[in-house]
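In the working numbering, the protein residues as written are 1 to 159. A virtual CB, placed ideally from N, CA and C, is assigned to each residue, including glycine. Before any comments, here is the structure.
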């Protein structure tokens, strides 16, 4: 994902220190029940579509924007799947971030799946029984999108 300007500006003050950020990920399904994925240019791995909201941007608006920007697909948000603090990640440049991810179930309503920016090496629709290798977070989110389960959250509470 491209680094938003407001984060680059923060980094001039805090260097590589841990930065707590909102994140939005989207499980986009089409009418055939296939999942939209992109192969990220920064890692080469297949992933759900996602990004960082701009200051003041609502999570659903961010998801719709990111889906369109990265894949050329138009989508609508149908429900919240997961709200979860993810593990910290350190990028190749040394920047450390931790995301509070809001995952949304989205339905494709138009457009053509394609590489639409420099954040993706490939974009495609995948049948649920023929997914490429994905991380555990993506698999949980896809499972929830395909179910009628309520919004998931980690029920453990630190004491």
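For this session: Can you give me the Cβ contacts of residue 116 inside the same chain, cut-off strictly under 7 Å, excluding the 5 residues immediately before and after it?
Result: Cβ neighbours of residue 116 beyond the five flanking positions: 69, 70, 71, 72.
Problem set entry | Contact check, residue 101 vs residue 23, beta carbons under 8 Å | At the C-beta level, residue 101 and residue 23 come within 8 Å of one another.
Exercise. Curious, which full-length alpha helix (DSSP H) runs of at least 4 residues does the region 34-88 contain?
Worked result: With a minimum length of 4 residues, the continuous alpha helix (DSSP H) runs that stay inside the region 34-88 are 59-71.
Exercise. Leaving out five residues before and five after residue 98 in sequence, what residues of the same chain have Cβ atoms less than 8 Å from its Cβ?
Worked result: The residues are 18, 19, 20, 21, 85, 86, 87, 88, 89.
Exercise. Between which two residues does the beta strand (DSSP E) harbouring residue 5 extend?
Worked result: Annotation for residue 5: no beta strand (DSSP E) segment contains it, though the alpha helix (DSSP H) segment containing it runs 5-14.
Exercise. Do you know offhand how far residue 112's Cα is from residue 74's?
Worked result: The alpha-carbon atoms of residue 112 and residue 74 are separated by roughly 8 Å.
Exercise. Between the Cα of residue 144 and the Cα atoms of 108, 134, 121, 79, which residue gives the shortest distance?
Worked result: Considering only alpha carbons, the answer is 79.
Exercise. What number of angstroms, rounded off, separates the C-alpha of residue 122 from the C-alpha of residue 154?
Worked result: Taking the straight line from one Cα to the other gives about 32 Å.
Problem set entry | Beta-carbon proximity list for residue 62, same chain, < 8 Å, skipping 5 on both sides | Non-local C-beta neighbours of residue 62 in its own chain, meaning closer than 8 Å and more than five positions away in sequence, comprise 24, 51, 52, 53, 54, ordered along the chain.
Problem set entry | Rounded C-alpha distance that separates residue 215 from residue 134 | Lying outside 1 to 159, the shown extent of the chain, residue 215 is not represented and no answer is given.
For this session: For residue 139, count neighbouring Cβ atoms within 10 angstroms of its own Cβ and tell me buried if that reaches 16, exposed if not.
Result: Sixteen is the threshold: since fewer than 16 other Cβ atoms of the shown chains lie within 10 Å of the Cβ of residue 139, the residue is exposed.
Problem set entry | From 152, 11, 95, residue whose alpha carbon lies closest to that of residue 137 | Measuring from the Cα of residue 137, the nearest candidate turns out to be 152.
For this session: Give a yes or no on whether the C-beta atoms belonging to residue 104 and residue 59 are separated by under 8 Å.
Result: Yes. Within cutoff.
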